[in-house]
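Participant: Below: one structure in structure tokens.
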Amino acid sequence: MPRPAKPNLVGLLAVCAVCLLCACARKAPPPPDIVQVTAENYTEEVLREPGPTLLLFHNPQAAQSQEMYKLLGWLAQTYKGQLKFCAFAWDTSADPAPYRLEMLPTLVLFRNGWEIDRMRGIPATMEERRGLPDDLELWLLRTGLDRAYDPRFQAQFSYRFDNGNTLQVGN
């Protein structure tokens, strides 16, 4: 009587790995609360929008942009209906001059189609990025939603610049 064949463990692991990679490689759909903006619909979706709009210019392949996109999704869920959230997947071969882009990711806050503030880049180290969600939320509340005081935030924030200087409340 022939002996049943043992499953090839290496082959089975290879098939599982390929399936996992294929699942990860599929592009996840954007969160429903974030409007996808392009050069063609920028004017309609951002500049003609009444009220506050937060727009993220990002490179979907860059880790820093992916991190900022996740934070934008979190803000969009948290403040749904209070302002419009948009994301512009930037083609690095495009001319950045019309949007005044200097780096990616860049968050731009608009009110009634007028730019009121922008935040460029993301802190370099994980330690510095720990406070980024709170800093972004505070910036959004104070600048975008005109909430000068929110009892959830009672800390003083420090901002470090590339030249080594630090700005703290009172400087």
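Counting the sequence shown from 1 gives a position; this note's numbering is that position plus 68.
Every residue gets a Cβ at the ideal spot worked out from N, C-alpha and C, and that includes glycine.
Counting along the chain, where does the alpha helix (DSSP H) carrying valine 144 start and finish?
Facilitator: The question names valine, yet the displayed sequence has alanine at residue 144. Unbroken alpha helix (DSSP H) run through alanine 144: 131-146.
Participant: Taking all protein chains shown into account, decide if glycine 181 is buried (16 or more other Cβ within 10 angstroms of its Cβ) or exposed.
Facilitator: It counts as exposed.
Participant: Return the first residue and the last residue of the alpha helix (DSSP H) that leucine 151 is part of.
Facilitator: Neither: leucine 151 is in no alpha helix (DSSP H) and is coded neither H nor E.
Participant: Would you call lysine 256 buried or exposed, if buried means 16 or more other Cβ atoms sit within 10 Å of its Cβ?
Facilitator: Past the edges of the chain, shown from 69 to 239, lies residue 256, and the structure says nothing about it.
Participant: When DSSP labels each residue in this structure, what does arginine 197 get in the three-state scheme?
Facilitator: Helix, per DSSP.
Participant: Rounded to whole angstroms, what is the Cα-Cα separation between tyrosine 137 and isoleucine 102?
Facilitator: One C-alpha to the other measures close to 10 angstroms.
Participant: How do the region 164-178 and the region 193-200 stand: do at least 3 beta-carbon pairs fall below 8 angstroms, yes or no?
Facilitator: Verdict: no, contact absent.
Participant: From which residue to which residue does the beta strand (DSSP E) around leucine 175 run?
Facilitator: Looking at the DSSP string, the run of the beta strand (DSSP E) that includes leucine 175 is 174-179.
Participant: Measure the C-alpha to C-alpha separation of methionine 171 and proline 120 and round it to an integer number of angstroms.
Facilitator: One C-alpha to the other measures close to 23 angstroms.
Participant: Have a look at tryptophan 207 and arginine 179 and give me their C-alpha separation to the nearest angstrom.
Facilitator: Roughly 14 angstroms between the two C-alpha positions.
Participant: Report the option in Glu135, Leu123, Arg210 whose CA atom is closest to the CA atom of threonine 193.
Facilitator: Answer by Cα proximity: Glu135.
Participant: Mind reading off the beta-carbon distance from leucine 124 to leucine 177? Whole number of angstroms is fine, and I expect it under 8 angstroms.
Facilitator: Contact flag wrong, Cβ pair sits at about 10 angstroms.
Participant: Around the C-beta of serine 133, are 16 or more other C-beta atoms found within 10 angstroms, so that it is buried, or is it exposed?
Facilitator: So serine 133 counts as buried.
Participant: Looking only at its own chain, which residues have a Cβ that is under 8 angstroms from the Cβ of tryptophan 142, when we skip the five neighbours before and after it?
Facilitator: Excluding positions up to five away in sequence, the list reads Pro201.
Participant: Among Glu205, Thr211, Arg210, whose alpha-carbon lies nearest the alpha-carbon of glutamine 15?
Facilitator: Only positions 69 to 239 of the chain appear in this structure, which leaves residue 15 out of reach.
Participant: Using three-state DSSP, classify glutamate 183 as helix, strand or coil.
Facilitator: It is a strand residue.
Participant: Tell me, to the nearest whole angstrom, how far the beta carbon of isoleucine 184 is from that of threonine 160; I am working on the premise that it is less than 8 angstroms.
Facilitator: Going by Cβ atoms, the distance from isoleucine 184 to threonine 160 rounds to 26 angstroms, so no, they are not a contact pair.
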